[in-house]
Amino acid sequence: MTDTIELTPGYWTNGDLPLNVRVGANTVITSDYAFKRFRSRRDPALTIGNNCTMDGVHFAIGEEGRIEIGDHCYVTNAVLLCELELRIGTYVVIGWNTTIADTDFHPIAPAERIADAIACSTVGKGRPRPHIARRPVVIEDDVWIGPNATILKGVRVGAGAWIEAGALIVRDVPPATRVMGNPAQYIEMP
Amino acid sequence: MTPIRSLRTLPWDWYPGQIPDNVVVDKTAYIETAYSFYLYRSEQPVGVRVGRGASTYLGTMFDVGPRGQVIVGEYTLLHGARIICDAEIHIGDYCLISWNVVLMDSYRLPFDIRERRRELDRVSSRVPRRVEVAVPTRPIRVGHNVWIGFDACILPGVQIGEGSIVGARSVVSADVDPYCIVAGNPARVIRKLDCN
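Heads up: the protein sequence lines correspond to chains U and A, in order.
Residue numbering for the first sequence follows the numbering used here, starting at 1 and increasing by one per position.
Residue numbering for the second sequence follows the numbering used here, starting at 1 and increasing by one per position.
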């Protein structure tokens, strides 16, 4: 690709970007809710490359979370839930209403879940939350993810993979494969 | 001075947009908001036809490309579906279609990685930033009296027979016979319905 045109700096259509967000040239973020649940204290907390379109994306990044997105990505109305790390490559397309999460949000063990409910409640101010499983999610270059798909913690989606609409991904997807379903299974590329 | 409202605006609408000229809405049909046409760009003589007594509620999006045509049958309820149409999506009469249902007759982008990159290179210089590459489309046909549960996806080329039910969160990738209940991802028949 030849970058012959002078590129304008990236921006958010609805206001000033948080200071710990870095956005590349010609990248546009839309929607008033893009940073409604953005609480990351890392710097940078969100890095987006050049020529990206982030149309109606929720950047729901927790205090210790960090998201990195490459160039030429096209993401519509996805919900990116990140408490640790989410890395998205270049030329990645993510469809409408897809959720990617790198955490379970709450503990599995019943007693710990009670402790977490209290810590999260109005009367549990300042009480530390129990340990919650979280593992980085990696989406490699040229991945296509359909609408209504879900990708959960610890998953690596290999380069060029095609995730069908509505698929639930809990295990790694090898490069250049097409998967669909719940649980996700391989299907042929058309 | 009160602004003059065009016949294509809805008196109850919170959104300032209009119903596009090539959308034909029966006078008994109900459109909750013109926002449903925010992504609409059909150049067909009739891009969307909404039949007698049919209703489209908040969240329904007609994401219809220049060559797309959508037909919504009589008495059909669309309660927040995403209709991604570049060819033809035909929804029959008496259908009940729930929220966050995706009906798509096109993947909008090529499977070939090099071709996909070429289009993504172009998208970021367009205003608005829309994917416009020609890819194979496969029309969708939903028969009369079909009920589709929330979050379900209907993939390109699928035909759903009359009277059938698609369970919530199902992904339908193959045709569904009339009078069946299908569920799962991918969807499979879980029961037959009495067709009387």
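Even for Gly, the Cβ is constructed at its ideal location relative to N, Cα and C.
Note that the structure is a prediction, hence the values are computed from the model and not measured.
Which of helix, strand or coil does DSSP assign to residue i?
i	result
U:Ile132	coil
A:Leu77	strand
A:Asp63	strand
A:Val146	coil
U:Arg178	strand
U:Leu81	strand
U:Ala111	helix
A:Ile19	coil
U:Cys120	helix
U:Arg156	strand
U:Glu68	strand
A:Val166	strand
A:Leu120	helix
U:Val137	strand
U:Arg87	strand
U:Trp162	strand
U:Ala149	coil
U:Ala60	strand
U:Leu168	strand
U:Ala101	strand
A:Leu96	strand
Mind checking who residue i pairs with in its DSSP beta bridge?
i	result
A:Glu88	A:Gln69
U:Thr76	U:Asp55
A:Cys153	A:Val102, A:Val171
A:Ile31	A:Thr56
U:Gly15	U:Trp12
A:Arg49	A:Val24, A:Ile71
A:Ala183	A:Arg188
U:Gln185	U:Met180
A:Gln197	Any property of residue 197 of chain A remains undetermined from this structure, which presents chain A solely from 1 to 196.
A:Ile113	Per DSSP, none; premise fails for A:Ile113.
A:Leu39	In the DSSP output, where bridge partners are listed per residue, A:Leu39 has none listed.
U:Arg22	U:Thr47
U:Val93	U:Tyr74, U:Trp144
State yes or no: is the C-beta of residue i nearer than 7 Å to some heavy atom of the ligand NAD?
i	result
U:Tyr74	Ligands in the displayed structure: none, and consequently the ligand NAD is not present.
Exposed or buried, residue i, counting other C-beta atoms within 10 Å across all chains shown (16 or more means buried)?
i	result
A:Gln69	buried
A:Ile31	buried
U:His131	exposed
A:Leu193	exposed
U:Pro147	buried
A:Thr137	buried
U:Met180	buried
A:Asn100	buried
A:Ala34	buried
U:Met189	exposed
U:Arg134	buried
A:Pro156	buried
U:Gly15	exposed
U:Glu63	exposed
A:Trp12	exposed
Could you tell me which chain U residues have their CB closer than 7 Å to the CB of residue i, listed as they occur along the chain?
i	result
A:Ile113	Asp142, Gly160
For residue i, which residues in chain A fall below 8 Å Cβ to Cβ?
i	result
U:Ala101	Chain A residues near U:Ala101: none, gap ~16 Å exceeds 8 Å.
U:Met180	Val171, Ser173, Asn185, Pro186
U:Pro147	Arg82, Ile84, Val102, Met104, Cys153
U:Val93	Leu109, Arg116, Leu120
Strictly below 7 Å CB to CB, what residues from chain A border residue i?
i	result
U:Met189	Phe111
U:Thr53	Val123, Ser124, Arg129
U:Asn26	Ser124
U:Asn97	Asn100
Closer than 8 Å by beta-carbon distance: list the chain U residues that pair up with residue i, in chain order.
i	result
A:Leu155	Glu164, Ala165
Identify the contact partners of residue i in chain A, using a Cβ-Cβ distance below 9 Å as the criterion.
i	result
U:His72	Arg117, Leu120, Asp121, Val123, Ser124
U:Tyr186	Per Cβ cutoff of 9 Å: no residues; U:Tyr186 is ~12 Å from chain A at best.
For residue i, would you say it is in contact with chain B, using Cβ-to-Cβ distances shorter than 8 Å as the test?
i	result
U:Gly65	Going by chain labels, chain B is absent from the structure shown, which instead holds the protein chains U and A.
The stretch 84 to 104 of chain A contacting the stretch 129 to 148 of chain A, beta-carbon criterion three pairs below 8 Å: yes
At least 3 beta-carbon pairs within less than 8 Å: the stretch 41 to 52 of chain U vs the stretch 14 to 25 of chain U: yes
Touching by the beta-carbon criterion (3+ pairs, under 8 Å), the stretch 12 to 29 of chain A and the stretch 47 to 60 of chain A: yes
At least three beta-carbon pairs within less than 8 Å, the stretch 151 to 161 of chain U to the stretch 96 to 114 of chain U: yes
Contact between the stretch 136 to 143 of chain U and the stretch 121 to 128 of chain U (3+ Cβ pairs under 8 Å): no
Touching by the beta-carbon criterion (3+ pairs, under 8 Å), the stretch 51 to 61 of chain U and the stretch 23 to 39 of chain U: yes
Touching by the beta-carbon criterion (3+ pairs, under 8 Å), the stretch 184 to 193 of chain A and the stretch 162 to 170 of chain A: yes
Validate contact between the stretch 104 to 116 of chain U and the stretch 103 to 115 of chain A using beta carbons, cut 8 Å, 3 pairs: Three or more Cβ pairs closer than 8 Å define a contact, and the stretch 104 to 116 of chain U falls short of that threshold against the stretch 103 to 115 of chain A.
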